[in-house]
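The next block holds one structure in the form of structure tokens; read it before the comments.
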Amino acid sequence: MRLKLFRSSYFPVWFVLAVRLFHLSLVRSWFVPDEYWQSLEVAHNLVFGYGYITWEWIEGIRSYIYVAFVSLQYALLKLLNLDCVQLVIFIPRLIQTLMSVLADVYLICWVALMSSRQVAILASIFTLTSACWSYCATRTLINTVEANLTCFALYFYPWPHVKRRHGENNIWIIMPTMSSKDFYPEGPFLSPEYGTIQTMPTSPNKIYDDDTMMMILILFFSHLHRNITTRFLTCEPNLSVPSSNYQDEADVFYSNPQYWLDAHYKQNQSLPTGSSSHNFTVLPSTVVSFDVLVPSIEWWLRNNGFVLEAELFHTLLRVESRIGNNVMVYSRSELAT
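Okay, so the sequence shown: first residue is 24 according to the working numbering, each after it adds one.
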């Protein structure tokens, strides 16, 4: 049985493409950190020379295969002088969407191979109406790529009872091994989170190359596409001497936000135990925080001349105590417009 990608009477590929492009236009939210830290940020660092590298890459425990794929896209944009922030954000997601469309096609064709046309039609309906897959199919997650490769592998695997034309059973895809840490909670209910993504396209219009930002949440150079001085909280594990009392930087910060900020932005004041040794003496021009944290740092903001510049909706449902419903963007009063 030959793969009928573009002339199948029971599987309109153009419709699948239209559905996935529709999902691409709808999905503007944050899902999980790896969507950025384990793909886009690393690729942005390789091609443009700046981008945050997490501890996994420093320790060498991550594969560069998918990062290399994204890097090629960035490199082409750079070569063609098209590396504006809009395309740097959009192109990787568009390419991933097209990969997912192709995976959808192969999945349905595999179902047709293994069963019947009627079952294949049902499979296409289930695939295209899956809330979770619609939410994830356009995202630059290695999990999404693994799902795509699984669909390809299911079709090309030489199933014993499936008769193929000569040459069709000579292709086999080697799947990467996926451990339990590679899976994220999935289900019919998802809570979209928008604010941290909205902050990125908003920020470049309000900062200059010599400005500094203090992010008490997240930052993506792959979305900001501006090489500025930044400071944001990390949650790295204890990679040195094992200790039952270890706290990552975010834990240290939230134990006493006021003291942490004073310690980091004043000269000759000792830092909290477990905190970064980098002591900024120049106040940032911009501070970005969730609304739930504002009461704890309001005095510091007001005392250092910060005023609210923007309040961005983030989510209706708070899934973690540190994540608020809105993202607050503050600028120093002499810099605010």
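All residues carry an ideal CB built from backbone N, CA and C; glycine is no exception.
{"Query": "Residue 160 versus 43, 130, 348 and 321, residue with shortest Cα-Cα distance", "Result": "43"}
{"Query": "Distance, residue 262 Cα to residue 74 Cα", "Result": "22 Å"}
{"Query": "Paired residues, beta bridge with residue 333 - DSSP", "Result": "352"}
{"Query": "Three-state secondary structure assigned by DSSP to residue 199", "Result": "Caution applies to residue 199, whose pLDDT of 43 falls short of 50 and renders its modelled position unreliable; the value that the coordinates give is listed next. Coil at residue 199, not helix or strand."}
{"Query": "Cβ neighbour criterion (16 or more within 10 Å) applied to residue 184", "Result": "exposed"}
{"Query": "Three-pair Cβ contact test at 8 Å for the segment 173-181 versus the segment 115-129", "Result": "yes"}
{"Query": "Assigned secondary structure, residue 313 (DSSP; H/G/I helix, E/B strand, else coil)", "Result": "strand"}
{"Query": "Rounded C-alpha distance that separates residue 155 from residue 326", "Result": "45 Å"}
{"Query": "CB of residue 79 within 9 Å of CB of residue 243, strictly", "Result": "no"}
{"Query": "Residues near residue 105 in its chain [Cβ-Cβ closer than 6 Å; skip 5 each side]", "Result": "none"}
{"Query": "Meets three-Cβ-pair contact criterion under 8 Å: the segment 50-66 and the segment 87-96", "Result": "yes"}
{"Query": "Simplified DSSP assignment, three categories, for residue 274", "Result": "helix"}
{"Query": "Length of the line joining the Cα atoms of residue 312 and residue 248", "Result": "20 Å"}
{"Query": "Enclosing alpha helix (DSSP H) for residue 92 [first to last residue]", "Result": "88-102"}
{"Query": "Residue environment, residue 342, which counts as buried when at least 16 other CB atoms sit within 10 Å", "Result": "exposed"}
{"Query": "Under 9 Å between C-beta atoms of residue 277 and residue 345", "Result": "yes"}
{"Query": "Three-state secondary structure assigned by DSSP to residue 261", "Result": "coil"}
{"Query": "Length of the line joining the Cα atoms of residue 256 and residue 272", "Result": "6 Å"}
{"Query": "Cutoff 8 Å; reference residue 138; Cβ partners in own chain excluding five residues on either side", "Result": "none"}
{"Query": "Assigned exposure category for residue 250 - 16 Cβ within 10 Å defines buried", "Result": "exposed"}
{"Query": "Pair within 9 Å by beta-carbon distance, residue 70 and residue 98", "Result": "yes"}
{"Query": "Run of the alpha helix (DSSP H) containing residue 140, from where it starts to where it stops", "Result": "140-151"}
{"Query": "Residue 327, DSSP secondary structure in three states", "Result": "coil"}
{"Query": "Straight-line Cα distance separating residue 158 from residue 150", "Result": "12 Å"}
{"Query": "Other residues of its chain near residue 68: CB distance less than 8 Å, five sequence neighbours each side excluded", "Result": "74, 75, 76 and 244"}
{"Query": "Where residue 179 sits in the DSSP three-state scheme", "Result": "helix"}
{"Query": "Residue of 254, 253, 274 and 320 minimising C-alpha distance to residue 285", "Result": "320"}
{"Query": "Extent of the continuous alpha helix (DSSP H) run through residue 120", "Result": "108-137"}
{"Query": "CA nearest to the CA of residue 112, picked from 152, 162, 122 and 45", "Result": "162"}
{"Query": "Minimum C-alpha distance to residue 397 - residue among 53, 351, 39 and 52", "Result": "Residue numbering for the chain in the displayed model covers 24 to 360; residue 397 lies beyond these limits and cannot be assessed."}
{"Query": "Pairwise C-alpha distance: residue 253 and residue 323", "Result": "18 Å"}
{"Query": "Length of the line joining the Cα atoms of residue 166 and residue 334", "Result": "32 Å"}
{"Query": "Beta-carbon proximity of residue 329 to residue 349, cut-off 9 Å", "Result": "no"}
{"Query": "Distance between beta carbons of residue 116 and residue 47, contact taken as under 8 Å", "Result": "6 Å"}
{"Query": "Cutoff 8 Å; reference residue 58; Cβ partners in own chain excluding five residues on either side", "Result": "162, 163 and 164"}
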